[in-house]
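Residue numbers (our numbering): 9 to 294.
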């Protein structure tokens, strides 16, 4: 029985519209509240702003001290993201090529470890013992050594021809130079994808800063927004404005890199389910 393409397209469009409405409606409502005065919100909590005002954004920015906190969040997001991506590529390349024994076991270990929850209490005890508690360098160390993206990096590198490795070795290209000048440029979509994921995760992280950073000068913007919410619990227009100030960098990041996001996920998933290829021993046919 053949399906009517027009009917199928209409059904898909309807499902998309319902899903978009369910996700977008709370955001649109919150966005509209940010343009209301406090009196206008009390008079009509569900209607359109009347009058429209931008004062909430300026007040939230000043009272919440979001400028300094955004700089902290930028450091907490960019530095661990960069370190994690570079270390992930350097680990994923030899594992994907099978250049050492038990590559499949290492690969399986990292995939399995990704499903384990983080131990917050042991991490807190370790941070205190090593002098990393309530310190920006200490917090960066604690958040920079994660294996995010390793699974997809391995899958993505499988799609890069092995002949490139041999040609680079014959030309005398060193290992570090080979990774930075040949492998990483070919992994731009995958790196952009997990740079976005890592940035969003670091920017939205609240539990770890609550536990590890007690000094207000070191707070990221999520920790500041949490405190801001506690101080202005009744003033919802002000809270809505602060929420959108915090979310603005994430929205801009997605708009700028959405094409790389789709390409990276598709490229990694295409090879991600294959086993690690082990190179043949000398004298054996590949």
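Glycine residues also receive a C-beta, built at the ideal position from the N, C-alpha and C atoms.
Can you tell me which of the three DSSP states residue i falls into?
i	result
residue 242	coil
residue 121	helix
residue 195	coil
residue 168	coil
residue 248	helix
residue 99	helix
residue 93	helix
residue 181	coil
residue 110	coil
residue 37	helix
residue 227	coil
residue 70	helix
residue 213	coil
residue 141	coil
residue 173	helix
residue 61	coil
residue 53	coil
residue 127	coil
residue 32	helix
residue 222	coil
Can you tell me the Cα-Cα spacing of residue i and residue j, whole angstroms?
i	j	result
residue 168	residue 191	8 Å
residue 148	residue 141	11 Å
residue 34	residue 232	22 Å
residue 28	residue 188	40 Å
residue 54	residue 25	22 Å
residue 47	residue 211	32 Å
residue 30	residue 81	29 Å
residue 131	residue 124	14 Å
residue 153	residue 177	30 Å
residue 237	residue 70	14 Å
When the Cα of residue i is compared with those of the options, which residue comes out closest?
i	options	result
residue 221	70, 151, 170 and 200	151
residue 116	127, 104 and 125	104
residue 50	137, 243 and 239	243
residue 196	180, 171 and 161	161
Hey, does residue i have any beta-carbon neighbour from chain D nearer than 8 Å?
i	result
residue 85	In summary, chain D is missing from the structure at hand, where a single protein chain is found.
Practice item. Evaluate contact between the segment 59-66 and the segment 207-222, counting only Cβ atoms and requiring at least three cross-stretch pairs below 8 Å. Key: With a cut-off of 8 Å on Cβ pairs, the segment 59-66 is not in contact with the segment 207-222, counting fewer than three such pairs.
Check your understanding: So, do the segment 192-207 and the segment 81-100 have three or more beta carbon pairs nearer to each other than 8 Å?
Key -> yes
Check your understanding: Using 8 Å as the threshold, is the segment 103-121 in touch with the segment 247-258, meaning 3 or more CB pairs across them?
Key -> By the Cβ rule, the segment 103-121 does not count as touching the segment 247-258, because fewer than three pairs are nearer than 8 Å.
Review point. Is the number of C-beta pairs between the segment 241-249 and the segment 52-64 that are closer than 8 Å three or more?
Key: Look at the beta carbons and you see the segment 241-249 touching the segment 52-64: at least three pairs across the two are nearer than 8 Å.
Exercise for review: Check whether the segment 162-182 touches the segment 71-78, counting contact only when three or more Cβ pairs, one atom from each stretch, lie closer than 8 Å.
Suggested key: no
Check your understanding: Are the segment 93-109 and the segment 183-199 touching, with three or more C-beta to C-beta distances below 8 Å?
Key -> yes
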